Amino acid sequence: ERTARSTERTTRWLNRCLAARKHPDQTALFAIVQGGMFEDLRLAHGQELAEMDLEGYAIGGLSVGEHREQLLEMVQVTTPHLPVDRPRYLMGVGHPADIADAVIRGIDLFDCVLPTRAGRHGQAYTWSGRRNLRNAVYARDDGPLDPSCDCPTCQQFCRATLRHLVKCDEILGKILLSMHNIHLYQRLVADLRTAIESDDEDELRAICQRAATATKKAAI
Numbered sequence: 002e003r004t005a006r007s008t009e010r011t012t013r014w015l016n017r018c019l020a021a022r023k024h025p026d027q028t029a030l031f032a033i034v035q036g037g038m039f040e041d042l043r044l045a046h047g048q049e050l051a052e053m054d055l056e057g058y059a060i061g062g063l064s065v066g067e068h069r070e071q072l073l074e075m076v077q078v079t080t081p082h083l084p085v086d087r088p089r090y091l092m093g094v095g096h097p098a099d100i101a102d103a104v105i106r107g108i109d110l111f112d113c114v115l116p117t118r119a120g121r122h123g124q125a126y127t128w129s130g131r132r133n134l135r136n137a138v139y140a141r142d143d144g145p146l147d148p149s150c151d152c153p154t155c156q157q158f159c160r161a162t163l164r165h166l167v168k169c170d171e172i173l174g175k176i177l178l179s180m181h182n183i184h185l186y187q188r189l190v191a192d193l194r195t196a197i198e199s200d201d202e203d204e205l206r207a208i209c210q211r212a213a214t215a216t217k218k219a220a221i
C-alpha cells in the first residue's frame, strides 16, 4: 500500500509539473515510472504515463540496492509499455554489464557517476576485467592499462605510473582513470548502437559478454 501511494504521488507531481510548465515547446518533460519491485504497480503506472504523450520516459526507483536480477526484471516489465518513439531512460545505472543488459531490454538513456567515481578511487574498467590500481601487483608493471584501448591514458601511461599517481593521491591519477573509464563506456554504447542499427543479435550477445567481463574483477 505504501508503494502504491508513493506511485500515485509521483503522478500528482507530474501533473503539477505539466501545469507549471510555461514553455512546452522549449522544454522536455520526462515522466518517471515508479512502482518499487511490484510488477503490477510498474505495469499499471507505465501504461498510465504512456497515455500522457510526454517527451520521454524514465524508470525510477531502481539501482538503490536491490539485486541485479530484480533491476533487470523490472526493466523488462516496464519498457514494453512505453512509447518506442520516445527516449526511455534508466536512472542511476550503472556498471558496463548493467548498461548492456538494459539496452537489449529497450533502454536508450542512462546517467551514472560510476565511471568517474571508480576512477577517483583507483578503479579502472578494462575489457579484461575491473582493476584496482592500488594493488601492489601493478607496482612494476610497465604494460598499458588496457592493451586493446586507444584512449590517451592507455596510449601514454603504464600501469606502474598510474598506480604511483593513485597511491600518492595525485589528481592526475584520478583524471587519467576517469578518462579511461569514460572512454570504455563510450566505446560500449557505440558498439551497442552499431549492432542495433545492423540488427545483429549475435554481436549484441557478444557485446553483453564483453561488458560482463569488464564489470568483473580482473584475474590479476
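For what it's worth, this note's numbering labels the leading residue of the sequence shown as 2, then goes sequentially.
For glycine and all other residues, C-beta sits at the position ideal for the given N, C-alpha and C.
Just so you know, these numbers come straight off a predicted model, no measurement behind them.
Is there contact between the region 156-165 and the region 186-195, where contact requires at least three CB pairs shorter than 8 angstroms?
no
7 angstroms CB neighbourhood of residue 11 in its chain, flanking five on each side removed
Counting from 1 along the sequence shown, the entry for residue 11 is found at position 10. Excluding sequence neighbours, residue 11 sits near 33 and 35.
Residue burial classification, residue 149 (beta-carbon count within 10 angstroms, cutoff 16):
Position 148 of the sequence shown, counting from 1, holds the residue named residue 149. With fewer than 16 Cβ atoms within 10 Å of its Cβ, residue 149 is classed as exposed.
Kindly indicate which residue of 15, 151 and 116 has the alpha-carbon position closest to the one of residue 273.
With the chain represented from 2 up to 221, any question about residue 273 goes unanswered, as that position is not in the structure.
Go through its chain and collect everything with a Cβ distance to residue 136's Cβ below 8 angstroms, but skip five positions before and after it.
As a working mapping, residue 136 is identified with position 135 in the sequence shown. Once the five neighbours on either side are set aside, the close Cβ partners of residue 136 are 164.
So, using beta-carbon positions, are residue 216 and residue 178 closer together than 8 angstroms?
Taking the first residue of the sequence shown as 1, we reach residue 216 at position 215. Taking the first residue of the sequence shown as 1, we reach residue 178 at position 177. It is not a contact, given that the beta carbons lie outside the stated cut-off.
Can you tell which of 152, 91, 209 and 142 has its C-alpha closest to the C-alpha of residue 1?
A query on residue 1 cannot be resolved here, the shown segment of the chain reaching from 2 to 221 and no further.
Helix, strand or coil at residue 23 according to DSSP, with G and I counted as helix:
To locate residue 23, count along the sequence shown from 1; it is residue 22. Coil, per DSSP.
Taking a contact to mean a Cβ-Cβ separation below 8 angstroms, would you say residue 213 touches residue 98 in this structure?
On the sequence shown, residue 213 is found 212 positions in, with the first residue counted as 1. On the sequence shown, residue 98 is found 97 positions in, with the first residue counted as 1. It is a contact, given that the beta carbons lie within the stated cut-off.
Please go through the same chain and pick out, in chain order, the residues whose beta-carbon is closer than 7 angstroms to the beta-carbon of residue 218, but skip the five residues on each side of it.
If you number the sequence shown from 1, residue 218 lands on position 217. Closer than 7 angstroms at the Cβ level, and outside the excluded window around residue 218, lie 130 and 131.
May I ask you to report which of helix, strand or coil DSSP gives residue 161?
Counted from its first residue, the sequence shown places residue 161 at position 160. DSSP places residue 161 in helix when its eight states are reduced to three.
Are the beta-carbon atoms belonging to residue 185 and residue 126 less than 8 angstroms from one another?
For the purposes of this step, residue 185 is taken as the residue at position 184 of the sequence shown. For the purposes of this step, residue 126 is taken as the residue at position 125 of the sequence shown. Cβ atoms of residue 185 and residue 126: closer than 8 angstroms.
Length of the line joining the Cα atoms of residue 25 and residue 159
Stepping through the sequence shown from its first residue, residue 25 is reached at position 24. Stepping through the sequence shown from its first residue, residue 159 is reached at position 158. Approximately 50 angstroms, taken between the alpha carbons.
On a CA-only basis, which of 145, 152 and 182 is nearest residue 229? Give me that one, please.
This structure gives no information on residue 229, because the portion of the chain shown stretches from 2 to 221.
Mind reading off the beta-carbon distance from residue 105 to residue 209? Whole number of angstroms is fine, and I expect it under 8 angstroms.
Numbered from its first residue, the sequence shown carries residue 105 at position 104. Numbered from its first residue, the sequence shown carries residue 209 at position 208. The pair is a contact, with the Cβ atoms about 7 angstroms apart (cut-off 8 angstroms).
If you follow the beta strand (DSSP E) that residue 130 is in, where does it begin and where does it stop?
Within the sequence shown, numbered from 1, the residue matching residue 130 stands at position 129. Note, residue 130: beta strand (DSSP E), 130-133.
Validate contact between the region 62-78 and the region 169-176 using beta carbons, cut 8 angstroms, 3 pairs
no
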